[in-house]
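Peer 1: Taking our numbering, the leading residue of the sequence shown gets 46, the next gets one more, and so forth.
All C-beta atoms, glycine included, are put in the ideal place defined by N, C-alpha and C.
Let me give you the structure first, and then I'll get to my questions.
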Amino acid sequence: MNVFGFDKAYDQWNRLNGDIIEDDPFKGMVKKWAESESCAFMFPIPLNPDIRKQVIKNAINKLAYGGDSSCEIEHLFYG
């Protein structure tokens with residue numbers, strides 16, 4: 046399993062060849078690689094509203110800024 050944060054690493058996750066099996070950024074996004082039984086996991090967005098503003102473009106549609114987001118893995122431990 047590979048793990049990614051919501052920043053420039055999103056672009057790497059998005060380019061992986063495979064099927065998205067979870068697309069909710071609030072839960073954590075998961076893509077199963079086409080070449081193996083492995084998965085790539087995008088960390089969930091923390092509940093902190095300031096961090097969410099840096100990642101989520103539209104909360105209703107669960108649309109993120111993608112690679113233009115600013116939520117690194119360290120943000121999971123904020124506060």
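Please report the residue range of the alpha helix (DSSP H) in which Lys77 lies.
Peer 2: The sequence position of residue 77 within the sequence shown is 32, counting from 1. Premise fails: Lys77 lies in the beta strand (DSSP E), 74 to 78, not in any alpha helix (DSSP H).
Peer 1: Going by DSSP in three states, Asn59 sits in which element: helix, strand or coil?
Peer 2: For the purposes of this step, residue 59 is taken as the residue at position 14 of the sequence shown. Helix.
Peer 1: Measure from the alpha carbon of Ile96 to the alpha carbon of each residue in Gly111, Ala54, Glu82, His120, then state which is nearest.
Peer 2: For the purposes of this step, residue 96 is taken as residue 51 along the sequence shown, with counting starting at 1. Residue His120 is the option with its Cα nearest to Ile96.
Peer 1: Taking only the alpha-carbon atoms, compute the straight-line gap between Phe71 and Ala104 and give it to the nearest angstrom.
Peer 2: In the sequence shown, counting from the first residue as 1, residue 71 sits at position 26. In the sequence shown, counting from the first residue as 1, residue 104 sits at position 59. Cα-Cα distance, rounded: 9 Å.
Peer 1: By the DSSP assignment, the alpha helix (DSSP H) with Ile90 in it spans what residues?
Peer 2: Taking the sequence shown and counting its residues from 1, the one referred to as residue 90 is at position 45. No alpha helix (DSSP H) contains Ile90, which DSSP labels as neither H nor E.
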